[in-house]
Amino acid sequence: MVLALLQSAALPAATATIYSESFENTTLTDLPNPYVGGWFTPQLPFESWANSSEASITPVDTLGINTTSAYRGAAVVLGPELFLGAGTYTLTYDIPTYTGASNNSAFVSVWSGTGYDLFNSPNSLVVDTLSGQLLASGSASSSQLASQTHTSGGNQQTLSFAYDGSSLIALFFGAQTTGWPFPSVEFDNITVTTEVIPEPSSLMLLGLSCLFLVKRKR
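According to full-length UniProt numbering, the residues represented by the sequence shown are 1 to 218, in order.
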């Protein structure tokens, strides 16, 4: 009976939300390519948003992007202290509004960066909202972990990525086009989540308490 209880208790994994953004009280920093680390300026703090001039907060509290260029958008950088170690994480977001022709698309990507120095050095990362890329300078390095292209709107879009446990993560949201007619895209309700498996010690305590209850019933 105790074994059955332990097995049933171990089945569901809790979902932990490490970051969320609904743009209700968010300020965009009109910096198209700020730095993280190094001696360069301007610097972008963790969990702050940078954007090209084509991105803005709309009157209905969404991230809106209207572009006539190849790619324009906004990005946020998440520090490693937010994450619960290495593992698989899921980026979820809504696209409540999408207007575009066949030459347009919305584009979302996840990048990781490492080797940057928060002190005085040339080792830095560039959050480039004009290209949707995390660029590296000096001894720093960056890589794209996942990306997704959309040609229509929809809620609860998901994009999973593998996290190494120590890098920073940059999330890019943008729109791109090859010419007229130009796209208009909105993003909202952004979250980053991961599944948390209960610790074995917690399950053991649950089993002992169940055993104690069984003995008392006798």
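Don't be surprised by glycine CBs; every beta carbon is placed ideally from N, CA and C.
Everything numeric in this text was worked out from a predicted model, so none of it was measured.
Opposing strand residues paired with residue i [DSSP bridges]
i, result
"D164", "Looking at the DSSP assignment, D164 forms no beta bridge with any residue, so it has no partner."
"S56", "G64"
"F172", "A75, S109"
"T97", "E186"
"N51", "A74"
"G87", "Y163"
7 Å Cβ shell around residue i - same chain, five flanking residues per side excluded
i, result
"L13", "Sequence check: residue 13 is Ala here, not Leu. Excluding sequence neighbours, A13 sits near E195, V196, I197."
"T15", "T193, E195"
"L28", "W49, N51, A55, S56, I57, A74"
"A101", "P181"
Local Cβ density within 10 Å of residue i, reported as buried at 16 or more and exposed below that
i, result
"A140", "buried"
"Y128", "The question names Tyr, yet the displayed sequence has Asp at residue 128. That one is buried."
"P34", "buried"
"A75", "buried"
"G132", "buried"
"S20", "exposed"
"L82", "exposed"
"N25", "exposed"
"P181", "exposed"
"T68", "exposed"
"S143", "exposed"
"A162", "exposed"
Cβ-based neighbour list, residue i, same chain, cut-off 8 Å, excluding 5 preceding and 5 following
i, result
"S22", "D61, D188, N189, I190"
"L168", "V36, F46, V77, L78, G79, P80, S112, G113, T114, Y116, L125"
"G179", "N103"
Spatial neighbours of residue i in its chain, beta-carbon cut-off 6 Å, leaving aside the 5 residues before and after
i, result
"G165", "G85, A86"
"G64", "S56, T58, E186"
"Q43", "Y35"
Quick check: the segment 88 to 99 against the segment 115 to 124, are there 3 or more CB pairs under 8 Å? Verdict: no, contact absent.
Does the count of Cβ pairs from the segment 150 to 157 and the segment 95 to 112 closer than 8 Å reach three? Result yes; three or more Cβ-Cβ pairs closer than 8 Å.
Taking three-plus beta-carbon pairs below 8 Å as touching, is the segment 157 to 177 in contact with the segment 52 to 66? Contact between the segment 157 to 177 and the segment 52 to 66 is present: three or more C-beta pairs spanning the two stretches fall below 8 Å.
Below 8 Å, how does it come out for the segment 131 to 139 and the segment 154 to 161: are there three or more Cβ pairs, yes or no? Result no; under three Cβ-Cβ pairs closer than 8 Å.
Length-filtered (3 minimum) beta strand (DSSP E) runs lying within the segment 101 to 158: Taking 3 residues as the shortest admissible run, the segment 101 to 158 contains the following complete beta strand (DSSP E) segments, listed from N- to C-terminal end: 104 to 114, 124 to 128, 133 to 137, 141 to 150.
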